Amino acid sequence: MHQSHQQDCIELLVEKARRGQIDRRSFLKAAGMLAALPLAMRNGIGWAQERPIVLVNWGGDAIDAYRRAWTEQFSRETGIAVRIDGSGPTEGAIRAQIASGRPSWDVVDAEPFTSLTLGREGMMRPLDYSLIERAKVNEAFATDYGVASYLYSYVIAWDKQRFEETPRTWADFWDVERFPGKRTMYKWMNGVLEAALLADGVAVADLYPLDIARAMDKLDELRPHILAYWGSGAESQQLFLDGEVSMGQIWNTRAIVLERDTEGRVGWHYDNACVTPSSWAVLNDNPAGAESTMRFIDHALEPEGQVELLELLGNGPSNPAAAAMIPEELVELNCGSEENLAKQFKLDIEWYADHYGSVLDDFLTRTGA
Amino acid sequence: MARISARWQHRLLLWPLPAVLLLCYVLPFAGIAVWSVTLPEPGMANYARLATDGSIHAVLWRTLYLCATVGVLALLLAFLMAYCWLYSSPGWRRWVELCVFLPFWISVLVRTFGWLIALRSNGLVNGWLEALGVIDSPLALTRNSLGVVIAMVHFMVPFAFFPLVSSMRQIDDRVLLAARGLGASRWRVFVSIFLPQTLPGLLGAFIMVFVFCLGFFVIPAILGGGQTVMAAEYVFLQMFQTYNWGIGAAICMLMLALVSGLVWILLRFSRVERLVG
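Okay, here's the thing in structure tokens:
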């Protein structure tokens with residue numbers, strides 16, 4: 001009987017597994033390498049099935065991109081399925097999950113201050129840095145309850161058909177004489193108050209703690225020129241595509257897409273943009289447990305997947321080791337590169353952890369009238 | 001087997017409705033009521049804030065104002081359409097039916113985006129007006145409360161149309177003819193005989209539209225441009241963005257009280273069975 005070497009290896013593996021000489025993860029990894037997982041799966045070896053991981057992100061193109069950059073390979077290597085739910089892990093939604101007593105979410109791609117606030121209240125698992133290699137990210141990005149998954153930025157984007165000059169600063173954003181046209185800003189406040197204060201002459205070093213009253217007054221000044229506060233990335237994109245606004249404070253990921261889709265009609269840059277990480281965090285008492293989720297996070301901090309995400313969505317890698325692998329044409333799009341970081345200011349996560357809820361409430365009643 | 005009396009048969013047939021209401025509505029709502037007095041800590045703090053917080057008042061007044069505006073406009077349009085439908089030729093009737101039913105069958109989300117495309121600054125309406133030379137620069141038709149009102153009126157007209165048609169149909173034509181015979185002008189007949197008889201229908205339709213509008217979420221969220229926050233969106237914000245569940249729950253209770261009051265008026269002054277008959 002003819003037998004390939006590969007098949008023989010599989011038989012050996014199956015035999016070992018039946019006798020309990022190797023654990024499930026090693027088995028699957030080996031079988032996966034042999035590209036023979038389906039065959040091996042039919043051999044009736046019984047392990048306690050590990051629960052699939054439910055990963056919650058913000059939906060849209062990110063679902064597909066996360067699959068390609070992270071979850072498919074993780075599942076291939078570990079045999080643990082990952083389901084992506086795009087419903088948006090806002091602080092309130094995570095609280096609702098925990099309050100229900102039986103959360104159905106495992107890993108969330110949340111705002112770092114959300115991880116921090118909820119972690120302090122005992123709703124998130126402390127990250128296990130024996131399973132997650134802490135050195136994969138910058139020291140400041142690995143905290144007790146969250147570790148940076150990628151970086152993104154709130155940038156100034158503008159419609160080149162509306163004025164010749166290039167807007168550089170937030171004072172320019174407020175200057176409707178030199179840069180006529182409507183504006184759009186982020187509905188959920190991140191970076192908006194900062195923009196107002198910078199426009200009002202506050203230095204970056206003195207931004208935090210934010211002078212909320214001053215920022216709100218400065219926003220009132222721009223009010224007649226703000227067409228809409230965008231609540232979703234797609235909305236911000238549409239406002240530019242339809243030419244409804246001449247300038248906006250939008251995500252770099254959407255700005256990249258806009259510049260491409262409008263063939264350069266929409267311009268943007270990282271000057272004076274607000275850069276911030278997103279964070280991986282795990283809910284307490286999550287159904288998939290601690291180990292597999294920590295392993296997933298460790299996997300997602302590998303540079304390869306992060307570079308792939310940069311290619312797919314424009315999110316900046318949080319692992320500095322990724323820098324060397326970034327294709328040349330993407331280097332200037334990366335908001336996390338040293339050169340681009342120098343142009344931007346950083347959102348103060350601690351300030352947001354302490355103030356976000358109450359200030360957002362005031363902000364929304366002020367903007368929503 | 002013993003024969004079940006007719007009375008018991010009725011009771012058996014009727015129980016599923018209250019049971020479903022109890023399970024799916026009353027019990028969860030009791031939870032909301034409890035939140036409003038226990039979160040973040042037991043007491044009436046949420047209601048105290050409801051009574052004193054200026055920004056919440058602003059949201060509530062805006063909601064009531066917009067709902068009342070929509071109610072009046074929808075009623076006006078629906079009244080004209082119902083009148084046309086009742087007293088015009090079959091051809092016209094067909095038109096009115098088309099105008100009522102077509103939008104009625106299209107999802108609210110689709111219609112909301114439709115309005116966005118029509119009303120935005122470089123949209124259809126502004127485009128036509130500019131081409132005709134009526135305006136020089138685009139009018140701000142949407143991403144403000146005007147856009148919200150236009151789309152909500154459009155959505156609510158059928159809900160006002162049906163009760164009005166039904167109440168108009170119950171008006172005895174012979175009374176109108178008698179008034180004409182006794183020398184009243186057409187206008188007089190309309191104002192003194194026809195209109196008063198439609199008042200219960202008008203009241204009922206207004207309350208139905210008003211109550212429906214109180215809970216609107218999608219239209220203000222999309223057409224308001226983030227700058228026309230109404231009560232439903234505000235409650236959503238309290239639940240999912242700023243996580244003040246207690247205050248969100250208290251607003252829900254206040255809205256329920258308001259709706260209950262309106263429904264009481266509806267039952268008291270307007271005969272519901274005539275609105276749907």
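Sequence lines, in order, name chains A and B.
Last residue of the first sequence: 369 (the UniProt record's numbering), numbering continuous.
Last residue of the second sequence: 277 (the UniProt record's numbering), numbering continuous.
Just so it is clear, CB atoms sit at the ideal spot from N, CA and C, and this is done for glycine as well.
Because the structure is a prediction, the values reported are computed rather than measured.
Ranked by Cα distance from B:Gly226, the first of A:Met189, A:Ala142 and A:Ala171 is A:Met189. Excluding five sequence positions before and after B:Met44, the CB atoms of its chain that fall closer than 7 Å to its own CB belong to Val37, given in chain order.
At a cut-off of 8 Å between beta carbons, A:Glu302 makes no contact with chain B. Under the three-pair Cβ rule at 8 Å, the segment 215–222 of chain A counts as touching the segment 186–200 of chain A. By the Cβ rule, the segment 305–319 of chain A counts as touching the segment 236–254 of chain A, because three or more pairs are nearer than 8 Å. Nearest to B:Met239 by alpha-carbon distance, out of A:Glu291, A:Asn272, A:Tyr352 and A:Gly357, is A:Gly357.
DSSP, reduced to helix, strand and coil, places B:Ile247 within a helical segment of the structure shown. Within the model, the alpha-carbon separation for B:Pro220 versus B:Ser145 is close to 8 Å. Taking a C-beta distance under 8 Å as the contact criterion, A:Tyr154 and A:Leu116 do not qualify as a contact pair.
For A:Glu221, the closest Cβ of chain B is not nearer than 8 Å. In this chain, the alpha helix (DSSP H) harbouring B:Gly147 covers Ser145 to Arg169. Interface annotation for the segment 91–125 of chain A against chain B: Glu91, Gly92, Ala93 and Arg95, criterion Cβ-Cβ distance under 7 Å.
Of all residues in the segment 26–56 of chain B, those with a C-beta nearer than 7 Å to a C-beta of chain A are Ser55, reading in chain order. A:Pro180 sits away from A:Ser236, with the two beta carbons spaced by 8 Å or more. Collapsing the DSSP output to three states places B:Val134 in coil. One finds Gly226 in chain B with Cβ atoms closer than 9 Å to the Cβ of A:Lys187, taken in chain order.
Nearest to A:Leu239 by alpha-carbon distance, out of B:Arg143, B:Ile171 and B:Leu77, is B:Arg143. If you keep only unbroken beta strand (DSSP E) runs of at least 3 residues inside the segment 118–194 of chain A, you get 147–159 and 183–186. In this chain, the beta strand (DSSP E) harbouring A:Asn272 covers Val266 to Val282.
The C-beta of A:Thr365 comes closer than 8 Å to at least one C-beta of chain B. Only those residues of the segment 213–240 of chain A whose C-beta falls short of 8 Å from the nearest C-beta of chain B are listed: Ile226, Leu227, Ala228, Tyr229, Trp230 and Gly231. About 5 Å separates the CB atoms of A:Met294 and A:Asp128; that is less than 8 Å, so the two are in contact.
Taking C-beta separations shorter than 6 Å and ignoring five residues to either side along the sequence, the partners of B:Ile222 in its chain run Thr112, following chain order. By the Cβ-count criterion, B:Tyr65 is exposed, with fewer than 16 other Cβ atoms from all chains shown falling within 10 Å of its own Cβ.
Listed along chain A is no residue with a C-beta nearer than 8 Å to that of B:Val218; the closest approach is about 12 Å. Contacts between B:Ser121 and chain A, judged by CB atoms closer than 7 Å, involve Glu244 in chain order.
When DSSP states are grouped into helix, strand and coil, B:Gly224 belongs to the coil group.
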